[in-house]
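Peer 1:
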Ligand SMILES: [Mg+2]
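In this note's numbering, the protein residues as written are 9 to 229.
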């Protein structure tokens with residue numbers, strides 16, 4: 009069993025939400041659906057967001073409702089320009105400073121995660137990537153997917169910290185006894201599902217790792 013473990017989300021957590029990366033993925037999901045069902049952009053968008061709301065990810069809805077092959081979808085939606093995120097030596101240093109093993113847990117694909125890590129030149133700092141395929145296409149925040157991630161990497165939940173920009177995604181981690189850190193991007197979908205399972209809040213992964221964000225500091229009078 010691993011000692012200390014860090015389970016870190018990819019999109020809008022490892023790189024900041026201010027980049028346009030996820031916007032590109034979002035647009036490409038809509039295009040894929042428009043082509044798949046031969047519908048216009050408006051209807052494709054409606055379907056995309058309906059599946060996202062009902063199944064946790066658009067892909068999970070496409071699989072459940074239409075038995076869509078996930079792999080061409082994943083290849084298509086992640087075929088994006090990643091050059092807008094820049095390598096940041098201070099992020100590398102902050103990650104390196106974390107004792108224990110580091111893992112990526114993403115609702116995206118292994119290939120997408122590997123590409124981002126390589127682009128940021130931090131791939132050597134991670135011990136594994138747990139992607140949507142590894143999760144048997146059960147999106148976060150499925151408890152079963154979290155358990156599968158823990159089992160895959162032989163993680164001791166009581167010595168693990170999960171970090172994610174979606175507050176709701178932290179619930180299964182907290183249920184297993186993990187420490188949880190929410191990266192608050194300021195968006196409504198980031199804070200959706202906020203609750204006692206969120207142990208700490210930060211606005212930026214790098215700052216939190218570097219210790220610039222107060223940890224567990226009580227606020228108020
Ligand atoms: Mg995210």
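No residue lacks a Cβ here, since even glycine has one placed at the ideal position from N, Cα and C.
Whole angstroms is fine: what's the gap from residue 105's alpha carbon to residue 193's?
Peer 2: Start at 1 with the first residue of the chain shown, and residue 105 comes out as number 97. Start at 1 with the first residue of the chain shown, and residue 193 comes out as number 185. Roughly 24 Å between the two C-alpha positions.
Peer 1: What residue range is occupied by the uninterrupted alpha helix (DSSP H) comprising residue 12?
Peer 2: Within the chain shown, numbered from 1, the residue matching residue 12 stands at position 4. Unbroken run through residue 12: none, as it is neither H nor E.
Peer 1: Under the assumption that residue 167 contacts residue 13 (Cβ atoms under 8 Å), give the Cβ distance between them as a whole number of angstroms.
Peer 2: Here residue 167 refers to the residue found at position 159 when the chain shown is read from its first residue. Here residue 13 refers to the residue found at position 5 when the chain shown is read from its first residue. At roughly 6 Å, the Cβ-Cβ gap stays under 8 Å, so residue 167 and residue 13 are in contact.
Peer 1: Report yes if the C-beta of residue 66 is less than 7 Å from at least one heavy atom of ligand 1; otherwise report no.
Peer 2: Against the chain shown, residue 66 aligns to sequence position 58. No, ligand 1 has no heavy atom inside 7 Å of this Cβ.
Peer 1: Name all residues in chain order for which at least one heavy atom of ligand 2 lies closer than 7 Å to the residue's CB.
Peer 2: Only ligand 1 can be found as ligands here, which leaves ligand 2 out of the picture.
Peer 1: Bridge partners of residue 109, per DSSP?
Peer 2: Counted from its first residue, the chain shown places residue 109 at position 101. In the DSSP output, where bridge partners are listed per residue, residue 109 has 13.
Peer 1: Rounding to the nearest angstrom, what Cα-Cα distance links residue 88 and residue 80 in this structure?
Peer 2: One-based indexing of the chain shown puts residue 88 at position 80. One-based indexing of the chain shown puts residue 80 at position 72. Distance between the alpha carbons of residue 88 and residue 80: 14 Å.
Peer 1: By DSSP, does residue 210 sit in helix, in strand, or in coil?
Peer 2: Within the chain shown, the letter at position 202 stands for residue 210. Residue state, collapsed to three classes: strand.
Peer 1: The beta strand (DSSP E) that contains residue 45, what's its start and end?
Peer 2: Stepping through the chain shown from its first residue, residue 45 is reached at position 37. Run containing residue 45: none in the beta strand (DSSP E); it sits in the alpha helix (DSSP H), 29 to 45.
Peer 1: Taking the beta strand (DSSP E) that residue 72 belongs to, which residues open and close that run?
Peer 2: On the chain shown, position 64 is the one that residue 72 refers to. Note, residue 72: premise wrong, no beta strand (DSSP E); alpha helix (DSSP H) at 66 to 74.
Peer 1: What does a CB cutoff of less than 7 Å around residue 175 pick up in its chain, not counting 5 residues either side in sequence?
Peer 2: For the purposes of this step, residue 175 is taken as the residue at position 167 of the chain shown. These residues qualify, in order along the chain: 190, 198, 199, 200, 201, 202 and 206.
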